[in-house]
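What follows is a single structure, written as structure tokens, with notes after it.
Numbering (the UniProt record's numbering), first residue to last: 1 to 155.
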């Protein structure tokens, strides 16, 4: 892999303007589609050649489920659950307007909350769950600026 010399290279002239989607590798197509449908995603496209489905929420948040995940004993997440922490993306984080309502729904539906809700930094409260393959999903509710939290540095 060739790495440019940072003292002579220039910054990219194009800035990312947003995310299009997050790809999530899963092992069981039917089980995963049902799980993500329960979270408010609906299937919009199927890509047979790529073994993937595109799903989107009413708000336009897009994910691609990729159906070629290898089965691992115990359902361990190779990026998060192993002692050696390999580089890679560990989880998507979704914004929601009412984290308490989401928490109540998750509890009613017996979807285990693995962490939170808890304050993370000055601007958000988060909770975490895992999908049926152990992929971590984070849900955040932003703390309004008028609450005075955005100017704090102690969190």
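Backbone N, C-alpha and C define an ideal beta-carbon position, used for all residues, glycine too.
| Check | Outcome |
| --- | --- |
| Residue 62 versus residue 39 - alpha carbon distance | 12 Å |
| Proximity of residue 127 and residue 117 at Cβ, strictly below 8 Å | yes |
| Cβ neighbour criterion (16 or more within 10 Å) applied to residue 54 | buried |
| Chain-order list of residues whose beta-carbon lies under 7 Å from that of residue 139 (same chain, five-residue window excluded) | 94, 96, 99, 102, 126, 127 |
| Buried versus exposed call for residue 157 [16 or more other C-beta atoms within 10 Å across all chains shown] | There is no way to answer for residue 157, as the model of the chain reaches only from 1 to 155. |
| Outcome for residue 88 when other beta-carbon atoms lying within 10 angstroms are tallied against a minimum of 16 | exposed |
| For residue 121, the three-state DSSP class (helix, strand or coil) | coil |
| Pairwise C-alpha distance: residue 83 and residue 131 | 21 Å |
| Residue range of the unbroken alpha helix (DSSP H) whose run includes residue 103 | 99-108 |
| Which of helix, strand or coil DSSP assigns to residue 186 | Only positions 1 to 155 of the chain appear in the structure, and residue 186 is not among them; the question remains open. |
| Cβ neighbour criterion (16 or more within 10 Å) applied to residue 36 | buried |
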